[in-house]
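**Q** For reference, the structure I am asking about is given below.
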Amino acid sequence: MGRLGEERREGLTDEELLGLKDVVLKSPPIKSRSLDALIFVVECDGKEYRIGVIGKEAYEAVKKHGYKDAQGRIHLKVPASALREKGAGWISEPRAWRWRSTSGWLRARVLSLMARRVEASFSELVRELNAHPVEVGVEVAKLVAEGTLADLGRGLLRYRSRWTAEEVKRMFTRRARLGPMFPFVDSTWNPVKGCHHACCYCYRVKYGGEGKPRLIEDAFKRRFKPGAFVFACDLSDLFAEGVPREWVVRVLEVVRAHPETLFLLLTKNPRRYNEFVDIMPHNVVLGATVETDLDHVASELSQAPPPSTRLEAMRGLEWPFKFISVEPVLRFSRRFSERIAECEPIAVAVGYDNHGHGLPEPSMEEVEGLIEELEGEGIVVVRKTIRPAWWEIRYHVEMGA
């Protein structure tokens, strides 16, 4: 029953339950593709619990006991007994356990991880949850609270992925082919073309990468070889503000369907990675182009977000495989290498402009110093075009050297 005089409609539809936003919940539910699970906060017997509903019966119990009030708000007031009988795993009481991560995606995946830790299939874990839902869920919460699963995101990604940090590093040090962009990639794939950043030095214009972003339907039919390194969307910025979310999701679904292939994503708007990190496939290197750490230098050449915001976004991004492209390298400050290292990239590519744009370039000595400092931090550095700055060349010509 609701409060006195409160009108409500009993029961919820699938769409209402999966689309929850402004409700009693503290976070929206997560419907996992690989797990039949919903994770959310719900009030049970007057207390708020963070729970995972496992399996169809528990899902139906939540639908049955939820209701929509006169203001259109959805409430999930579910008797604890109903969930216990239907095989719901208690993940935590918020006040009893401290989560290391607030990511709903990670809360869902911890169940999968637990199944793997005990060498059980997910169906076996479901049977165990049905038999001992509270006990099993509390054990998961204890592991997190005690820090046994510290740095859960990276640990889980390493556990689920065939790609280790060392394997990814090796991919950056090999020479797969000679190409206009990165020598370590085997091929490029462009399901989206077009970019609004209007960088004056961009090579994409020559290959149809300019203008309004557009979806290339035929590209989604492509299949990829296991063990290959594929640069996705090199003729666009997939994470630019003008690219619809559903396009990004479609691209990520193709990436997820090829777990044995490594994909590189590169953007000048890495802040948007956080919108998708909960659904990001494990076989992805998340990259950002940061040509300089001086905003005033970049602003004269591009309409992309300032380099300072890109560095800040990459610093805060929780992902095991990060990459930074310093190309074309522009005049930078003495702290540039330090700021890059703070992002904890697995690799950095450094190179001068190849197309004679007369950019505000640093000296070759400064670039060599940058590379040396990055390598000193244990970062793999991919040397692209390394040459004297155009103004150094002109000076030597004029001096007759």
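Our numbering runs 259 ahead of the 1-based position in the sequence shown. Yeah, the Cβ is synthetic: ideal placement off N, Cα and C, and Gly gets one too.
Around the Cβ of residue 477, are there at least 16 other Cβ atoms within 10 angstroms (buried) or fewer (exposed)?
**A** For the purposes of this step, residue 477 is taken as the residue at position 218 of the sequence shown. With fewer than 16 other Cβ atoms within 10 Å, it is exposed.
**Q** Given that a residue counts as buried once 16 or more other Cβ atoms are within 10 Å of its Cβ, and exposed if not, what is residue 693?
**A** Residue 693 falls outside the range modelled here, since the chain spans only 260 to 660, and no answer is possible.
**Q** For residue 558, name the three-state secondary structure that DSSP assigns.
**A** Taking the first residue of the sequence shown as 1, we reach residue 558 at position 299. DSSP places residue 558 in helix when its eight states are reduced to three.
**Q** Does the count of Cβ pairs from the region 522 to 530 and the region 557 to 572 closer than 8 angstroms reach three?
**A** yes
**Q** Measure the Cβ-Cβ separation of residue 499 and residue 520 and say whether it is below 7 angstroms.
**A** For the purposes of this step, residue 499 is identified with residue 240 of the sequence shown, where counting begins at 1. For the purposes of this step, residue 520 is identified with residue 261 of the sequence shown, where counting begins at 1. For residue 499 and residue 520, no; Cβs fall outside 7 angstroms.
**Q** I'd like to confirm the pairing. Which residues does DSSP put opposite residue 638 in its beta bridges?
**A** By 1-based counting over the sequence shown, the position of residue 638 is 379. In the DSSP output, where bridge partners are listed per residue, residue 638 has none listed.
**Q** For the region 573 to 637, list the beta strand (DSSP E) runs that are entirely contained and at least 3 residues long, ordered along the chain.
**A** 581 to 585 and 606 to 609
**Q** Roughly how many angstroms separate the alpha carbons of residue 323 and residue 329, rounded to a whole number?
**A** The count along the sequence shown starts at 1 and reaches residue 323 at position 64. The count along the sequence shown starts at 1 and reaches residue 329 at position 70. Approximately 18 angstroms, taken between the alpha carbons.
**Q** Count the other C-beta atoms from every protein chain shown that fall within 10 angstroms of the C-beta of residue 569, then say buried if there are 16 or more, exposed otherwise.
**A** Here residue 569 refers to the residue found at position 310 of the sequence shown. Looking at its Cβ environment, which holds 16 or more other Cβ atoms inside 10 Å, residue 569 is buried.
**Q** If you pair each beta-carbon of the region 538 to 545 with each one of the region 576 to 589, do three or more pairs fall below 8 angstroms?
**A** yes
**Q** Can you give me the Cβ contacts of residue 590 inside the same chain, cut-off strictly under 8 angstroms, excluding the 5 residues immediately before and after it?
**A** Position 331 of the sequence shown, counted from the first residue, corresponds to residue 590. Excluding positions up to five away in sequence, the list reads 551, 553, 556, 619, 620 and 621.
**Q** For residue 586, does the count of other Cβ atoms within 10 angstroms reach 16, so buried, or fall short, so exposed?
**A** Along the sequence shown, read from residue 1 onward, the residue named residue 586 stands at position 327. Buried: at least 16 other Cβ atoms inside 10 Å.
**Q** Taking the continuous beta strand (DSSP E) assigned at residue 513, which residues delimit it?
**A** Counted from its first residue, the sequence shown places residue 513 at position 254. Element bounds for residue 513: not the beta strand (DSSP E) but the alpha helix (DSSP H), 504 to 515.
**Q** If you follow the beta strand (DSSP E) that residue 488 is in, where does it begin and where does it stop?
**A** Counted from its first residue, the sequence shown places residue 488 at position 229. 488 to 491 is the span of the beta strand (DSSP E), which, as asked, contains residue 488.
**Q** In the DSSP output, what is residue 448 paired with across the bridge?
**A** Residue 448 sits at position 189 when you count from the first residue of the sequence shown. In the DSSP output, where bridge partners are listed per residue, residue 448 has 491.
**Q** Could you please give the first and the last residue of the uninterrupted alpha helix (DSSP H) stretch that includes residue 563?
**A** As a first step, residue 563 must be located in the sequence shown, where it is residue number 304. From DSSP, residue 563 is part of no alpha helix (DSSP H); its letter is neither H nor E.
**Q** Note down the Cα distance separating residue 628 from residue 592, rounded to an integer number of angstroms.
**A** On the sequence shown, residue 628 is found 369 positions in, with the first residue counted as 1. On the sequence shown, residue 592 is found 333 positions in, with the first residue counted as 1. In a straight line, the C-alpha of residue 628 is about 12 angstroms away from that of residue 592.
**Q** Measuring only the C-alpha atoms, how far is residue 282 from residue 327?
**A** Within the sequence shown, numbered from 1, the residue matching residue 282 stands at position 23. Within the sequence shown, numbered from 1, the residue matching residue 327 stands at position 68. Residue confidence is low: residue 282 scores 33 on pLDDT, short of 50, so the model does not pin down where it sits. No coordinate-derived value is stated.
**Q** From 650, 632 and 634, pick the residue whose C-alpha is nearest to that of residue 611; which is it?
**A** As a first step, residue 611 must be located in the sequence shown, where it is residue number 352. Of the listed residues, the one whose Cα sits closest to residue 611 is 650.
**Q** Leaving aside the five residues before and after residue 511 along the sequence, list all residues of the same chain whose C-beta is less than 7 angstroms from its C-beta, in chain order.
**A** Reading the sequence shown from its first residue, position 252 is the one you call residue 511. The answer, listed in chain order, is 535, 538, 539 and 540.
**Q** With residue 536 as the anchor, note down where its beta strand (DSSP E) starts and where it stops.
**A** If you number the sequence shown from 1, residue 536 lands on position 277. That residue, residue 536, is in no beta strand (DSSP E); it is neither H nor E in DSSP.
**Q** So what's residue 497 in DSSP terms, helix, strand or just coil?
**A** Looking up residue 497 in the sequence shown gives position 238. Here residue 497 sits in coil by DSSP.
**Q** Figure out for me which residue from 547, 472, 433 and 427 has the closest Cα to the Cα of residue 450.
**A** Here residue 450 refers to the residue found at position 191 when the sequence shown is read from its first residue. Nearest C-alpha to residue 450: 472.
**Q** Within a Cβ cutoff of 7 angstroms, which residues of the same chain sit near residue 643, ignoring the five residues on either side of it in sequence?
**A** As a working note, residue 643 is residue 384 in the sequence shown. Cβ neighbours of residue 643 beyond the five flanking positions: 586, 608, 609 and 610.
**Q** Would you identify the three-state DSSP class for residue 549, choosing helix, strand or coil?
**A** The residue you call residue 549 lines up with position 290 of the sequence shown. Annotated three-state conformation of residue 549 is coil, per DSSP.
**Q** Could you tell me whether the Cβ atoms of residue 428 and residue 640 are closer together than 7 angstroms?
**A** Along the sequence shown, one-based indexing puts residue 428 at 169. Along the sequence shown, one-based indexing puts residue 640 at 381. No, the Cβ-Cβ distance between residue 428 and residue 640 is not below 7 angstroms.
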